[in-house]
Amino acid sequence: MDIRSLLNPLPSPGPGERAPGKRASDATPRALPSSLPDFGLPQGKRRKTTVGSSPGGRPRQDLSTLSAFFQRARVSEDAHPASATVEQSGPLGATNWILSGQETNRIKKSGGAKALETLSEKAEALHRAGFSKQEAVAIASNHGGSQALNTVLATHATLTAAGFTHQQIVAIASKGGGSQALNTVLATHAALTAAGFTHQQIVAIASNHGGSQALDKVLATHAPLTAAGFTHRQIVGIASNNGGSQALDTVLVRYAPLRDAGFKHEQIVGIASNIGGSQALDKVLATHAQLTAVGFKHEQIVAIASKGGGSQALDKVLVKYAPLTAAGFTHQQIVAIASNKGGSQALDTVLATHAQLTTAGFAVEDVSAIAAHIGGAPALQAVVDHLELLMTRHSKEDIVKAGAKQRGAAAHVKQMANACRIKQESAAQSPRPMPTVLVERPIDQARTAFIPELQHCDLTGGTPIWSLDEASRVVLRHPMDPIEGNNDLFPLRDLTRPLDRVYERYADKNGKCHPNVKLTNIDLASGYKKYFNELCRDSRVGLSPSETANVRGRLLTNARTEFERLIREEAAPERPCKVRQLDHGGLLEHERMLAGQYGLFLAPAHSPQDQCTLRNGRILGFYMGMFAANEQQINAIEAQHPDYESYAMDAMRPGGKLTVYSALGCANDLAFANTALCADTPEPAYDRERLNAEFIPFEVKLTDRHGKPARETVVAMVALDNAIGKEIRVDYGDAFLRQFTTPRDRARSEEDAVVVKMEVDD
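Put into structure tokens, the structure is as follows:
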């Protein structure tokens, strides 16, 4: 990427400076199916449907499927599971819309046969009104989809005249608000905008189950709530959830006693801004005195009430904290367990299972690690149910690691137990032919190895000996899923073990930053100070020269604080941005292939001054990846990840030497940011009106593991004012666009797309 082109007509960086940015491949893009458009999404962020893949793109943990992978060592990139054998519909009305079998089933499942019938009848009218097939399907695929389609047709002209976009109308109609919410928006938008609410905020409130009632309630309560010190943004945060109307009423009634009890406005909003927020507020008021009396802090009570545990978890903590503390659990561990969906059940399961687990040699910390995530209760139960079998072949550390997986922990534990059972049956000389046992070993964020286990013959008749057949291992390359903990890692990562170790120059023996590593100075990279000033004056930020100087100082302070935190690898108190899967509602027609994939969003803020934007002197974070300081190291990255350039960021070291950060296989949240491209242009071009984030290079001076001075260029992302409430779309520069004009081999067969290969060691 060439940062000189980021903001036309912004000035270029200083002479001889090269900007940070995503690289443009010199070779033909290798993972881009020919059926996809030539441009619309940065290469490397497309998800592919593969045999043995779950809908989210992760490899299935199924032994028979993986065994088939192992035998074939290659699969088709476009193969579909057998269960997806469905028929397409014919054209709808006079349009060229043809529903796929998946779309037909989706409408039938949620909207019913009536919604499918209405879509068939109204397709031509919807098409004339400017709605796409995907938007029509999204509206129809909900309870009440038939009425929503009719209401969209009846109201879209009036709503667009009032300033609502097609995408916003679809969002209201397809995300739970439906027909009733559309009518209420039509009736209340004038009064709401007069009260200071934006169209975007109105849509956020309306796009939920109960959105219609929430809009009416916002109109009725915003005056007393603002008089009580709540901002418009906080009111919207409370209202824009299922049950928002009830939560607003409860906040109005309870904020005074909650404030008197020591809770801040932002804490009240944090509790109320969840499903069940109203009940949680009542429960906080009822239990906080008892909970604080036994040692829980206000922040811990808020964490339980606002992070998924809610009302039920608060009750459970009050009842169970005494036996839990008697069993050795700390207040912090109890809060960690309770602060998740299913936290109440997890606390019960901890009490029921900890004695058996501690008797087997597990520490209280181990039990807490397994229980303190969504699905903690079934994960603990799975460990206990299969404990005897698991301990025949696995260490306690391995069992805890499996049980503490963020997703699918219980299933993973059961899979491990099944593999142990297979080995036991083999040891008993079962006459049945034994299936192949493949051991899963994550390599990095984009690769997982599956290694066959071999049973060695034992002529003494003793216990069979098993070993891993490393020479025959299969490596599955798969799309990356975000890993929350990666946002707390030092951004310069090791070439061979990036998830576990920092770049060698800064590493101690355990792979963390050596105690000698200290930040001594951080500043904007040479040649970019003038560019920074122009960026601050751009219409998307709009700062005066005096404000720019102040923002620059605050930005450097924030960048220093963040970089020092990453050296220590401390958890952040809050995340400035969040990764979540995209849906059709916020996507333009030519971006529909992004639905179901990941995007990056600003985290909600309690006030405009708290927004993590450039205006407020804050960065979203530093781009992280395997760090290559020379051509040899770049080649080492390419040997592991042939498509590494899809996630590679160039950064020029002070003095002019090129370095590269490759996030493929080791990414924090910033790597999931998409860009915005125009549709129907002769050449690929950025849709600059929708770009709302930029990369800024910083020069850091630090000491390495030997205490010697070092200088590196790190790349931070900053959000502009137009990123608030939207998906972050970042400018990757003109060089990145060139990959979309690189000729592709259209004759290439889809069957040539290899996603599983035999790994050959050098």
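Residues in the sequence shown are numbered consecutively from 541, following our numbering.
Every residue gets a Cβ at the ideal spot worked out from N, C-alpha and C, and that includes glycine.
Residues that DSSP places opposite residue i in a beta bridge
| i | result |
| --- | --- |
| Asp984 | Arg987 |
| Ala655 | According to DSSP, which records beta bridges pairwise, Ala655 is partnered with nothing at all. |
| Tyr1201 | Phe1167, Met1189 |
| Pro1237 | Val1255 |
| Pro1249 | Thr1243 |
| Lys1118 | Phe1141 |
| Cys1053 | Ala1047 |
| Asn958 | In DSSP, Asn958 forms no bridge with anything. |
Reference residue i; option with closest CA among the options
| i | options | result |
| --- | --- | --- |
| Gly1093 | Asp1078, Phe1072, Glu1110 | Phe1072 |
| Lys1266 | Arg1193, Arg1017, Ala1169, Val1119 | Val1119 |
| Asp1078 | Leu1231, Ile1268, Ile877 | Leu1231 |
| Ile910 | Arg933, Leu929, Gly883 | Gly883 |
| Thr1036 | Ala1225, Ser686, Cys1206, His739 | Cys1206 |
| Thr1215 | Phe990, Ile1268, Asn1262 | Ile1268 |
| Ser672 | Leu659, Asn748, Ala1065, Ala862 | Leu659 |
| Ala669 | Val710, Glu657, Ile647, Ile638 | Val710 |
| Ile745 | Thr988, Gln1149, Ile712 | Ile712 |
| Gly901 | Ala912, Ala867, Thr932, Lys936 | Lys936 |
| Glu1204 | Pro1194, Arg1033, Gln1137 | Contrary to the premise, residue 1204 reads as Leu rather than Glu in this sequence. For Leu1204, the nearest C-alpha among the options comes from Arg1033. |
| Asn814 | Lys881, His871, Lys860 | Lys881 |
| Gln1137 | Ile1107, Pro1022, Tyr1201 | Pro1022 |
| Ala833 | His805, Ala801, Gln819, Val924 | Ala801 |
| Leu765 | Asn781, Gln753, Ser752, His805 | His805 |
| Ala665 | Ala655, Leu689, Leu656, Ile647 | Leu689 |
| Asp1209 | Asn781, Asn1026, Pro1085, Phe1030 | Asn1026 |
| His1018 | Glu1044, Glu1024, Phe990, Ala986 | Ala986 |
| Gly750 | His762, Lys1058, Val725 | Val725 |
| Ala1145 | Gln774, Pro1194, Leu755 | Gln774 |
Whole-Å CB distance - residue i paired with residue j, under 8 angstroms assumed
| i | j | result |
| --- | --- | --- |
| Leu1122 | Leu1134 | 5 angstroms |
| Val1240 | Tyr1163 | At roughly 13 angstroms, the Cβ-Cβ gap does not stay under 8 angstroms, so Val1240 and Tyr1163 are not in contact. |
| Ser785 | Gly816 | In fact, because the Cβ distance is near 13 angstroms, the residues do not count as touching under 8 angstroms. |
| Cys1117 | Leu1160 | 5 angstroms |
| Ile778 | Val824 | That belief does not hold up - the Cβ atoms of Ile778 and Val824 are roughly 14 angstroms apart, past 8 angstroms. |
| Ser714 | Ile679 | 5 angstroms |
| Met1189 | Leu1198 | The pair is not a contact, with the Cβ atoms about 11 angstroms apart (cut-off 8 angstroms). |
| Pro1304 | Tyr1068 | Look at the range of the chain in this structure, 541 to 1302, and you will see that residue 1304 is not part of it. |
Residue i to residue j span [Cα, whole Å]
| i | j | result |
| --- | --- | --- |
| Phe1212 | Gln1173 | 24 angstroms |
| His1246 | Met1020 | 34 angstroms |
| Leu897 | His926 | 11 angstroms |
| Glu1010 | Ala957 | 22 angstroms |
| Pro551 | Val1270 | Residue placement at Pro551 cannot be trusted, given a pLDDT of 38 that sits under 50; the coordinates are not used to answer. |
| Leu891 | Gly718 | 44 angstroms |
| Thr1153 | Val1091 | 10 angstroms |
| Ala796 | Lys662 | 51 angstroms |
| Val857 | Glu1109 | 30 angstroms |
| Ser651 | Gln687 | This sequence places Gly at residue 651; Ser is not what is there. Looking at the two C-alpha atoms, the distance is approximately 10 angstroms. |
| Ala866 | Ile939 | 25 angstroms |
| Glu839 | Ser846 | 10 angstroms |
| Gly580 | Tyr1226 | For Gly580, the predicted structure reports a pLDDT of 31, less than 50, and the residue's modelled location is therefore unreliable. A value from the coordinates is still provided. Distance between the alpha carbons of Gly580 and Tyr1226 is about 10 angstroms. |
| Pro863 | Leu831 | 15 angstroms |
| Gly783 | Ile811 | 13 angstroms |
| Val907 | Cys1053 | 29 angstroms |
| Ala730 | Gln955 | 57 angstroms |
| Leu1095 | Pro918 | 44 angstroms |
| Tyr1272 | Arg1155 | 21 angstroms |
| Ser818 | Ala787 | 4 angstroms |
| Gly1165 | Asn1098 | 21 angstroms |
| Lys860 | Thr705 | 51 angstroms |
| Gly916 | Ala944 | 8 angstroms |
| Pro1113 | Gln872 | 15 angstroms |
| Gln708 | Leu722 | 10 angstroms |
| Ala768 | Leu1260 | 30 angstroms |
| Asn1061 | Thr1088 | 21 angstroms |
Residue j beta carbon less than 7 angstroms from that of residue i
| i | j | result |
| --- | --- | --- |
| Ile844 | Ala878 | yes |
| Arg1115 | Ala1143 | yes |
| Thr899 | Leu920 | no |
| Pro982 | Ser1012 | no |
| Thr827 | Leu854 | yes |
| Leu821 | Thr790 | yes |
| Gln674 | His952 | no |
| Tyr1201 | Phe1235 | no |
Residue i at chain C interface by Cβ criterion, 7 angstroms
| i | result |
| --- | --- |
| Glu657 | Reference to chain C is not applicable here, since this structure consists of a single protein chain. |
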